[in-house]
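Asker: Just passing along the structure, written as structure tokens.
Residue numbers (our numbering): -4 to 1007.
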């Protein structure tokens, strides 16, 4: 067995053909039969011999390497070189098959304690290889912990070597992560090692122990942790010894984890603490965060001691505890600190008072220092808006009306939640802004009014329907005129940096829906500066104004120089591109045709035909020249291409015969052939001739994509031709285009079997970097493909994130149980595809999906995953989902917080009621605020639905303000989900000009990129 493994490692020839049997000591079929019976080998009909599974191959290779190492046939350096795959004799494919060999080898060697020093050297070699990530990150975080108990001495040896050489090495953090993983594993004994590290004089070694104790706390270490934490706090406050805030937070987290196991330690420590020597306020913070059921009783028993011992200069921890435990007996203490700024007590006192007595908190808002009132707004304002919404808004408005800077007060307090304003407050805000602009208009026009960004940005983010109506009522007002004037004054500089004042003004003017935005666009398009014009071109399609159309036409007519390679120069082409896009959206057919003929520019936006489609077919007078050019045998190719572009845009099916004749006689690799194919597809040609001609283009280099697109759109006839091409295509050619064709074949029953066969062929050869069709190939039942699928489905972190996704999709075709398991693992390791994995789980296991998704959301601390889970739960039975979610709102504070975040995506009455209870009664700050944020998301969805309902009834200009508000308010993934009630497609129908959908797609694409 080891001889076969060694042969594969050395020669890369695998499986082993029958003529090579003698090289590994195989002499007859009887040996093979015995090895097959025991499950080690399998042999093909032709005599090829291989291990029954690659996992056995890896183990055998590791055994062979260890034997050579023990016989001193391999040095540490030689072994390291082999394990990281740097041997010239090994092919890449062989290396991938032997991915388990490094850890198998380490596990075998670690059985002998005499190897510890050499293993440390070997790990150092692996660490330096890019095969294991930067600084060996994957080695420490993902691989070494799989060795279990045997990893502990290896890591200790490596840690001591690193810390003896230098302090603060990055690898210490990685070893800490490895210890954290090991500490969570059953059967791994860590106490002796952790005690040794915790009591070491080395700060780095202490840090590793602290990381492990945070994950797997041991109350016996609390005294030492408290000692170390005090050292770190002293260093942080004195700015000595190099300890930082992260170190302080780490030891605090370890203390908190340990105290959860032994809360009595905290009680005794509070009573025994020396106020002169110990930071007793830290003990109060620990009590505030204690989730144990005894926490309220410990507070009642120790509160007077804490209030006596905590320094008067550090009252914030006490205020947190008073709020956490709703201790009304300490109300006077809270009120006394409303106006005190030491230790940020003022804001903490206000937050506590909102919980103890919301009405009193509203009444005393004026007593809080302005700075802390603003800084802590996200802690107290959501609570008051929940408890006393009308009184809170009225009180803030009253304060604003009596302060010189009342407008700024409103903007600051409501900055994160502009849609929580009431109508009266918004009207006050707009009038105050109007007054400020009146007073400072000349300065704003002549100078740089940075102050104006704040109010304009705030108003521009308002999206609640009733508040939008108030903004729309400003059409023709003095406020609109002044905002327009200021925006138009900011066109002096040619800079590609975003002008935040002008852009926020643009948004407000669009929401108003008056002539202000039209004037701004006109002025921008008139500018001599490229980047100023760019701003107007970005939204010119929103206004069908004669002046805008005239200026767009003038810009598009400008000559476009070409560089040495014949490519259009960037800036002139960008303007041309944007201008004709806007002209198409505005339905300016005559201008488009004239510009295309005069410019000869064929590089036009691919969506141009869709943008003008709402106008119907072009007039014959506009397409007559194109028809004549196509019918003439003497037309030059440039003229033909222009004629084909116009035909493509025209929407006039009468031009199909002329266009098809061009495709018939053009060279398949020519520009004319490519444009003719696009035009015929756009015009809806369904003829057999087009099928034949498109199939011819698929075989070209220049026009293959156009031909393939056309064949797919032509339905079964086209896809059949595509299949014939794919069957005859060499498997050595670029593979990614094959996937596109394979999926098109698979989508049709008549060619599905062919798609599966070709997918198997391509997957067997492992030619795909990204989008391998494992999900299709899985249906063939081919053992080697299924083996690949299993391997990829359970793979660790990878840059090629779609490979594990497609593999899991394939696995679901033949083993749903293991696919579910792979999804659960993938949610931990593949954050880039978490949305796809959540959706796949819902599709393949709808009965179990809700429970499993909720479990993932509460066990994996990742905001993006909780968002993904919330979105996908919307697809399941709302009754079941509501029951499960509501039932999980009573776990730990982290679980309550996580479930509340998920619940924000589920606006169901039962869930809203449960969230309300959490928001009103939960003692954990994080859970309370998550519940409040979830209810806010429910309100935003309600507003979105109202905006969607208003859109079909609105005129064109108001539709733009409604769409802008929808895109601001709603989640980008829900807006693009066909199965969701918020899907934009329900309002952006074929009857609505395509410019709305194009703009929405652009904005949502940017929002998704920011989220990712």
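Each residue gets a CB set at the ideal place from its N, CA and C atoms; glycine is no exception.
Just to confirm my understanding: we take residue 482, look at its own chain, exclude 5 residues before and 5 after, and list those with CB closer than 6 Å. What are they?
Answerer: 497, 500, 515
Asker: State buried or exposed for residue 165, treating a residue as buried only when at least 16 other CB atoms are found within 10 Å of its CB.
Answerer: With fewer than 16 other Cβ atoms inside 10 Å of its own Cβ, residue 165 counts as exposed.
Asker: Check residue 612 in the structure and name its three-state DSSP category.
Answerer: coil
Asker: For residue 429, count the other beta carbons within 10 Å of its own beta carbon; 16 or more makes it buried, fewer makes it exposed. Which is it?
Answerer: So residue 429 counts as buried.
Asker: With H, G and I counted as helix, E and B as strand and the rest as coil, what does DSSP make of residue 557?
Answerer: strand
Asker: Alpha carbon to alpha carbon, how far is residue 488 from residue 443? Give it in angstroms, no decimals.
Answerer: 12 Å
Asker: Do the segment 561 to 575 and the segment 965 to 978 make contact, defined as three or more Cβ pairs closer than 8 Å?
Answerer: no
Asker: According to DSSP, simplified to helix, strand and coil, what is residue 460?
Answerer: Helix.
Asker: Going by beta carbon distance, what residues of the same chain come within less than 6 Å of residue 685, once the five residues before and after it are set aside?
Answerer: 675
Asker: Could you check what DSSP says for residue 444 in three-state terms: helix, strand or coil?
Answerer: Of the three classes helix, strand and coil, the one that applies to residue 444 here is coil, per DSSP.
Asker: Please tell me whether residue 622 has its Cβ less than 8 Å away from any Cβ of chain B.
Answerer: Of the protein chains in this structure there is only one, and it is not chain B.
Asker: Which runs of the alpha helix (DSSP H), 4 residues or longer, sit entirely within the segment 731 to 807?
Answerer: 731 to 741, 747 to 759, 769 to 772, 778 to 788
Asker: Give the secondary structure of residue 258 by DSSP, where H, G and I count as helix, E and B as strand, and everything else as coil.
Answerer: Helix at residue 258.
Asker: Need the endpoints of the alpha helix (DSSP H) that residue 49 sits in, please.
Answerer: Residue 49: member of the alpha helix (DSSP H) spanning 49 to 65, first to last residue.
Asker: Short check: CB of residue 151 to CB of residue 105, under 8 Å?
Answerer: Cβ distance not < 8 Å, so residue 151 and residue 105 don't count as in contact.
Asker: Mark residue 445 as exposed unless 16 or more other C-beta atoms lie within 10 angstroms of its C-beta, in which case mark it buried.
Answerer: By the neighbour-count definition (other C-beta atoms within 10 Å, threshold 16), residue 445 is an exposed residue.
Asker: So does residue 559 have its beta carbon nearer than 7 Å to some heavy atom of the ligand GDP?
Answerer: You won't find the ligand GDP in this model; it holds no ligand whatsoever.
Asker: How should residue 1005 be labelled, buried or exposed, when 16 other C-beta atoms within 10 angstroms of its C-beta is the threshold for buried?
Answerer: exposed
Asker: Since residue 815 and residue 848 should fall inside the 8 Å C-beta cutoff, what is the C-beta to C-beta distance between them, to a whole number of angstroms?
Answerer: In fact, because the Cβ distance is near 11 Å, the residues do not count as touching under 8 Å.
Asker: Which residue or residues does DSSP assign as beta-bridge partners of residue 399?
Answerer: Answer by DSSP bridge pairing: none, since residue 399 is not bridged.
Asker: Give me the residue from 350, 214, 892, 222 with the minimum Cα distance to residue 272.
Answerer: 222
Asker: Taking residue 299 as the reference, which of 317, 103, 69 has the closest Cα?
Answerer: 317
Asker: Taking the alpha helix (DSSP H) that residue 651 falls in, what are its first and last residues?
Answerer: Counting along the chain, the alpha helix (DSSP H) containing residue 651 begins and ends at 651 to 660.
Asker: Quick check: the Cα distance between residue 992 and residue 869, rounded to an integer number of angstroms?
Answerer: 24 Å
Asker: Taking the alpha carbon of residue 464 as the point to measure from, which residue in 69, 419, 987 has its own alpha carbon closest?
Answerer: 419
Asker: Roughly how many whole angstroms lie between the Cα atoms of residue 980 and residue 628?
Answerer: 45 Å
Asker: Measure the alpha-carbon distance for residue 900 versus residue 517 and round it to whole angstroms.
Answerer: 41 Å
Asker: Per DSSP, what are the beta-bridge partners of residue 563 in this structure?
Answerer: 557
Asker: Cβ of residue 343 within 8 Å of Cβ of residue 314?
Answerer: With a cutoff of 8 Å on beta-carbon distance, residue 343 and residue 314 are scored as near each other.
Asker: Is the segment 908 to 917 touching the segment 940 to 947, taking contact as three or more C-beta pairs under 8 Å?
Answerer: The segment 908 to 917 vs the segment 940 to 947: no contact.
Asker: Do you know offhand how far residue 828's Cα is from residue 738's?
Answerer: 20 Å
Asker: Can you give the Cα-Cα distance for residue 586 and residue 578, rounded to whole angstroms?
Answerer: 8 Å
Asker: Note down, in chain order, each residue of its chain lying with its Cβ closer than 8 Å to the Cβ of residue 478, except the 5 sequence neighbours on either side.
Answerer: 432, 451, 500, 503, 504, 511
Asker: Can you tell me which of the three DSSP states residue 694 falls into?
Answerer: coil
Asker: What is the DSSP secondary structure of residue 983, reduced to helix, strand or coil?
Answerer: coil
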